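> Got a structure here, written out as structure tokens. Questions coming.
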Amino acid sequence: MELFDSHAHYNDERFETDMDEVILNNFNNGVKYTTCVGYNLESSKKAIEIANKYDNIFCTAGISPNDLNEDTLEEIKQIGELAKNKKIVAIGEIGLDYYWNKDNKEFQKQVFIEQIKLANKLNLPIAIHTRDASIDTIEILKNIMPCNKKGIFHCCPLNVELIKEGIKLGYYISFSGVVTFKNAKPESAIKQVPLDKILIETDSPYLTPEPFRGKRNDPSKVEFVARKIADILEKDYEEIASITLENAKKIYNII
Ligand code: NI
-7 MELFDSHAHY NDERFETDMD EVILNNFNNG VKYTTCVGYN LESSKKAIEI
43 ANKYDNIFCT AGISPNDLNE DTLEEIKQIG ELAKNKKIVA IGEIGLDYYW
93 NKDNKEFQKQ VFIEQIKLAN KLNLPIAIHT RDASIDTIEI LKNIMPCNKK
143 GIFHCCPLNV ELIKEGIKLG YYISFSGVVT FKNAKPESAI KQVPLDKILI
193 ETDSPYLTPE PFRGKRNDPS KVEFVARKIA DILEKDYEEI ASITLENAKK
243 IYNII
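When you line the sequence shown up against the working numbering, it's residues -7 to 247, in that order.
Right, dumping it as structure tokens:
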């Protein structure tokens, strides 16, 4: 079985001591591809370093709404330079997070828009992080600064309205281990997504799926996201694994 974890953070400090071992192990266990996602300048540099070391790891560069500071607009220029690396497959994760940060909404929007402009300049899709900010996120993608190459709603909130709007705009919807959580109720959200727009991810080391909650997450556990989706859609696990792998290759433009 071959899987594509469309969003993971091997660049997180929790992989510092054993990353190479984990990567090899995951590869041997069927995680054929992984996209290592940046969330600020440092982690984007590290993502590129990791991707350059492994053929089947790709990477992104971007500044997340939870990593803003007074130098952010300057840093976006550096992200633009980094993003010329050949293993870069998207600008991200970028977006809006009004759950963790309510006091700088205008700045968050400005930074999001600037990075979509960058994606358009480089002809790349975007990896979107959106939390408690569905209306503003859709407004930007639809009316203010559409992304030409579209992109992915990463760890998509299980919000049917947001998903409907995202699909209408041509975006992919990526589900994480959250769909396996006991109180998640992911059925209607998952059924909303056409098969050719569905992706799976771990967001590791975070969001460890059941039955491993509490432990460090890693890309091998993307299997449990695929299994849960297969259950809900009454499909074979193998089919979901292969559909999501092909979808990820398509949006990330991997040949
Ligand atoms: Ni992430």
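The C-beta atom is built at its ideal place from N, Cα and C for all residues, glycine as well. Please read all numbers here as calculations on a predicted model, not as lab measurements.
1. Is Asp95 buried or exposed, if buried means 16 or more other CB atoms sit within 10 Å of its CB?
2. Using the Cα positions of Ile243 and Asn209, report the straight-line distance between them to the nearest angstrom.
3. With DSSP collapsed to three states, give me the class of Tyr229.
4. Any contact between the segment 217 to 235 and the segment 167 to 174? By contact I mean 3 or more CB pairs, one from each, below 8 Å.
5. Considering only residues of the segment 148 to 186, which uninterrupted beta strand (DSSP E) runs meet the minimum length of 3 residues and lie entirely inside it, listed in chain order?
6. By how many angstroms is the C-alpha of Gly87 removed from the C-alpha of Asp124?
7. Between which residues of its own chain and Lys142 is the CB-CB distance below 6 Å, once the five residues before and five after are set aside?
8. Just to confirm before moving on: does the CB-CB distance between Thr26 and Ala0 stay below 9 Å?
9. Just curious, the beta strand (DSSP E) that Glu193 is in, first and last residue?
10. Measure from the alpha carbon of Cys147 to the alpha carbon of each residue in Glu85, Asn93, Lys109, then state which is nearest.
The structure says:
1. exposed
2. 24 Å
3. helix
4. yes
5. 164 to 167
6. 11 Å
7. Pro117, Gly162, Tyr163
8. yes
9. Segment: none, Glu193 is in no beta strand (DSSP E) and carries neither H nor E.
10. Glu85
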